[in-house]
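K.L.:
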Amino acid sequence: MTEKSYRDAIRDAMMEEMDRDPNVLIMGEDIGVYEGTFRITAGMLKKYGPKRIIDTPIAEAGMVGTAVGMAMLGLRPIVEMMTINFSIVAADQIVNHAAKVRYFSGGQVDVPVIVRGPQGAGVQLSAQHSQSLESFYGHFPGMHVVAPATPADAKGLLKTAIRGKDPVLFLESAALYGMKGEVPDDPEFTVPFGKSRVAREGKDVTVVSYSRMLQLSLAVADKLSKEEGIECEVIDLRSLRPLDMDPVFASVSKTHRAVVVQEQWKPYGAAAEISASIMEAMFDELDAPVARVTGEDVPMPYARNLELLATPHEPEIIHAVKKVMYANG
Amino acid sequence: MPKAGDAMTEGKVVKWYKQPGDAVKKGEPVAEIETDKVNLDLEAETDGTLGAHAAKEGDMVPVGGVLARILAEGEKDEAPATKEEEPQRRATDKKESVKHTTGEYHEAIEQRGPRRDRSAPEGDAQPAKESTDRLRSSPLARRMARDLGVSLESVQGSGPRGRIVAADVKNAKPATEGRRDAARPAGGDAGAPQLETKIIPLSAMRRTIAKRLAESTGPIPHFYLTADYDVTNLVSVRQQMIEITGVKVSLNDFIIRGIALALRHHPAVNASWGDDAITQHGEVHVGVAVATADGLITPVIRNADQKSVADIATEVRALADKAKNRRLKPDEYQGSTFTISNLGAWGIEDFTAIINPPNAAILAVGAAEPRPVVDANRQIIVRDRMKVTLSCDHRIVDGALGADFLKTLRQYVEQPLRLVV
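Residue numbers (our numbering), protein chains in the order written: chain A, 5 to 333; chain B, 3 to 423.
1) Helix, strand or coil: which one does DSSP assign to residue 417/B?
2) Measuring straight from C-alpha to C-alpha, what distance separates residue 97/B and residue 208/A?
3) Mind pulling the chain B residues with CB within less than 7 Å of residue 260/A?
4) Strictly below 8 Å CB to CB, what residues from chain B border residue 292/A?
5) Are the Cβ atoms of residue 328/A and residue 295/A separated by less than 9 Å?
6) For residue 22/A, which of helix, strand or coil comes out of DSSP?
7) Might you give, ordered along the chain, the residues of its own chain that have their beta carbon closer than 8 Å to the beta carbon of residue 15/A, omitting 5 neighbours on each side?
8) For residue 97/A, which of helix, strand or coil comes out of DSSP?
9) Determine whether the Cβ of residue 329/B lies closer than 9 Å to any Cβ atom of chain A.
10) Once you ignore the five residues that flank residue 48/B on each side, which residues in its own chain have a CB closer than 7 Å to its CB?
11) Considering only C-alpha positions, which residue in the set 326/B, 79/B, 398/B is nearest to residue 280/B?
12) According to DSSP, what are the bridge partners of residue 424/B?
13) Report buried or exposed for residue 327/B, applying the criterion of at least 16 other Cβ atoms within 10 angstroms of its Cβ.
14) Note down, in chain order, every chain A residue with its Cβ under 7 Å from the Cβ of residue 145/B.
15) Helix, strand or coil for residue 51/A, going by three-state DSSP, please let me know.
16) Between the alpha carbons of residue 283/B and residue 302/B, how many angstroms are there, rounded?
17) To which residues of the same chain is residue 158/A closer than 6 Å at the C-beta, ignoring the five residues directly before and after it?
18) Just how far apart, CA to CA, sit residue 308/A and residue 133/A?
19) Spatial neighbours of residue 239/B within its chain, please: CB distance less than 6 Å, with the 5 preceding and 5 following residues excluded, ordered by chain position.
20) Consult DSSP for residue 162/B and reduce its assignment to one of helix, strand or coil.
21) Where does residue 14/B sit, in a helix, a strand or coil, going by DSSP?
22) Using the beta-carbon count (16 or more within 10 Å), is residue 242/B buried or exposed?
23) Does the distance from the CB of residue 29/A to the CB of residue 55/A come in under 9 Å?
24) Assuming residue 97/A contacts residue 72/A under a Cβ cut-off of 8 Å, what Cβ separation, rounded to an integer in Å, is found between them?
25) Apart from the five residues just before and just after residue 36/B, which ones in its own chain have a Cβ nearer than 6 Å to its Cβ?
26) Rounded C-beta distance between residue 113/A and residue 105/A? I'm assuming under 8 Å.
27) Have a look at the DSSP bridge pairing and note the partners of residue 148/A.
28) Would you give the residue range spanned by the alpha helix (DSSP H) that residue 142/A belongs to?
29) Among 64/B, 412/B, 263/B, which residue has its Cα nearest to the Cα of residue 196/B?
30) Check distances from the C-beta atoms of the segment 289-323 of chain A to those of chain B and list, in chain order, the residues that come in under 8 Å.
31) Could you compute how far the alpha carbon of residue 89/B sits from the alpha carbon of residue 64/B?
32) Quick one: using the 10 Å Cβ neighbour count with 16 as the cut-off for buried, is residue 334/A buried or exposed?
33) Could you give the residue range of the beta strand (DSSP E) that holds residue 340/B?
34) Taking DSSP's pairing of strands, which residues face residue 231/B in a bridge?
35) Mind checking if residue 249/A is an interface residue toward chain B, Cβ cutoff 9 Å exclusive?
36) Kindly list, in the order they appear in chain A, the residues whose Cβ is closer than 9 Å to that of residue 116/B.
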């Protein structure tokens with residue numbers, strides 16, 4: 005184990021896999037000479053050269069389209085989006101091509117393409133650059149959607165993505181790039197998709213989340229434990245597609261109440277899918293309606309004070325936990 | 003140096019268009035600036051005279067750093083360098099400054115957040131239309147109440163809008179003799195007597211009757227009693243109930259409740275045969291025969307005597323759906339104390355059903371349809387009629403007892419307010 009940042013864990017995953025497999029390459033805007041807007045690809049152009057670290061024009065649809073073709077012919081391209089918001093330009097390539105070629109070809113052609121990049125709000129990047137797109141991409145069959153919350157998961161899940169044969173939307177939390185955590189050194193360390201984990205055990209309320217909101221949920225769980233004696237069981241979903249609900253169900257059968265936390269908007273969000281699944285499977289176990297903690301239903305404001313009001317923070321999660329415990333007085 | 007993009011931390015002075023002492027107009031290009039991504043013209047923000055260049059062509063200047071000052075009439079060019087707090091902090095090499103920017107991203111994330119106003123009442127949305135006497139309870143509370151033998155009607159709910167939650171059930175006392183007195187009307191017992199579980203040892207005579215009848219007709223000696231009920235009122239009550247509550251209740255749901263209440267009057271019918279004893283059951287669980295693609299199965303409405311017609315309707319439909327999808331769990335089709343089979347929907351006028359062991363009886367219900375009948379004034383009138391046939395296990399139920407049961411059931415079916423008050 006070595007302490008690494010989330011950013012370095014992602015870089016390590018890509019470099020280890022590039023060393024292992026010459027078919028792995030990275031494309032993106034400003035990833036080579038400039039070494040990446042978030043410095044994920046620092047030093048990589050020098051090490052792997054311009055054939056494997058490809059600086060592209062500002063043309064996301066072209067980048068992903070090219071990568072889909074590469075993947076169909078046996079390469080393993082990783083496309084870095086400067087922010088995941090820019091992938092919307094390439095949505096047709098992702099949704100209608102990457103996610104459908106295996107199906108259209110009767111299973112003959114795999115598309116091991118990864119589209120990865122940072123998402124999320126919090127630093128005044130305003131309405132177009134602060135979005136989280138997991139429910140958008142999670143809606144479509146044919147690809148995986150992954151959203152790691154820790155450096156170890158960032159590395160292990162990205163390696164699984166690179167070694168897999170399916171398209172993967174790899175959603176990194178920009179706000180977590182600087183976060184440090186223990187990461188296994190074993191180059192064969194991977195984290196499979198579709199395996200949620202219990203990030204913290206507790207008996208009173210099940211809190212379900214992923215990515216940065218998982219870290220926020222853990223902070224709230226510690227606080228509630230210390231200050232109010234409420235023990236939250238926190239579940240990290242890790243991948244939204246495939247979605248592993250079994251640990252959530254097991255937890256709800258113990259706590260009988262659940263809160264789902266997501267950063268993006270409430271309507272049609274990931275929390276809606278998760279809470280509906282809980283209701284379908286665990287109806288007789290529930291002692292309160294499942295509560296959702298989400299961002300406000302507005303384009304992300306630029307103004308700092310409004311941005312803070314539009315995104316979920318500790319008080320919202322605490323309020324929801326107490327609400328499902330009937331403890332808000 | 004203006005910030006020309008979110009990732010921009012510094013910019014390069016490519017070329018000065020204006021020299022110190024040149025007059026400039028607002029909007030006029032003063033210098034060409036190069037950022038990570040673009041070259042752009044720096045325009046004068048105001049009219050005036052350009053002061054000294056604070057950066058030479060080719061210099062990198064951090065965002066916010068001074069390039070030059072535009073002087074108003076008579077204003078002197080003061081050295082601005084001492085005010086450059088920002089540039090001091092940012093004057094690092096390009097890679098470092100990018101690192102710093104992204105590091106700030108992490109630091110900028112607020113965990114605590116602002117306090118939002120929650121003074122407005124919240125909670126569950128009020129349904130547009132709801133019955134006033136509906137007992138609200140969480141699914142877990144209902145399950146616990148069933149397991150613990152607690153009647154939800156006796157529990158005070160502490161949740162939103164009086165919702166009974168698990169903690170309320172836990173704190174409540176298990177069912178006692180007196181609790182049914184306080185039963186609410188919809189799920190109440192309409193004055194039906196109490197039941198208790200009783201083991202009645204077999205008498206020699208009863209043994210002999212059982213043995214002889216069984217020898218003659220198989221393991222369960224059946225006999226059949228048919229009655230013809232007037233369901234004109236019931237048809238009308240059902241129609242009104244659908245209109246008022248919106249719950250799609252069927253005649254069968256009323257009959258189920260009628261049976262359940264009639265069984266309370268005739269505990270000997272709510273019974274099972276055993277080798278050494280007859281068990282009279284303390285609870286009424288009515289099995290409902292459901293036809294599926296695979297054959298007949300009888301999901302069970304537990305404690306049907308304590309449920310309203312609407313609740314029975316909802317439960318029957320849910321169980322029937324499960325049955326058709328083969329998703330019934332054993333505890334959902336086992337443990338009945340009486341069974342009803344209704345072929346009315348198939349237009350069957352009357353039929354006899356085979357007893358569903360270990361029940362003592364089964365009621366076969368035919369179609370409700372308008373038929374001519376002779377009234378008290380010997381006139382022929384048209385009434386809605388329905389024929390039912392009770393199949394009895396003669397080891398347990400004798401003819402007179404079965405007839406008494408059908409007579410009690412007649413009161414409920416022909417005076418359907420008894421089923422809903």
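Each residue gets a CB set at the ideal place from its N, CA and C atoms; glycine is no exception.
P.N.:
Walking through what the data contain:
1) coil
2) A caution first: residue 97/B carries a pLDDT of 42, below 50, which makes its placement in the model unreliable, though a value can still be read off. Using only the alpha carbons, I get a separation of about 47 Å.
3) 142, 168
4) 140, 161, 167
5) yes
6) helix
7) 44, 45, 46, 48
8) helix
9) no
10) 28, 72
11) 398/B
12) Summary: the structure shown does not reach residue 424/B, with chain B confined to residues 3 through 423, and so no result is reported for it.
13) exposed
14) 288
15) helix
16) 15 Å
17) 10, 13, 14, 152
18) 15 Å
19) 418
20) helix
21) strand
22) exposed
23) yes
24) 6 Å
25) 14, 16
26) 5 Å
27) 172/A
28) 138-142
29) 263/B
30) 289, 290, 291, 292, 293, 309, 312, 313, 315, 316, 317, 318, 319, 320, 323
31) With a pLDDT of 39 at residue 89/B, under the threshold of 50, the modelled position of this residue cannot be trusted; read the value that follows with caution. Those two C-alpha atoms are separated by around 6 Å.
32) There is simply no residue 334/A to check, as chain A begins at 5 and stops at 333 in what is shown.
33) 340-344
34) 388/B
35) no
36) 309, 312, 313, 317, 319
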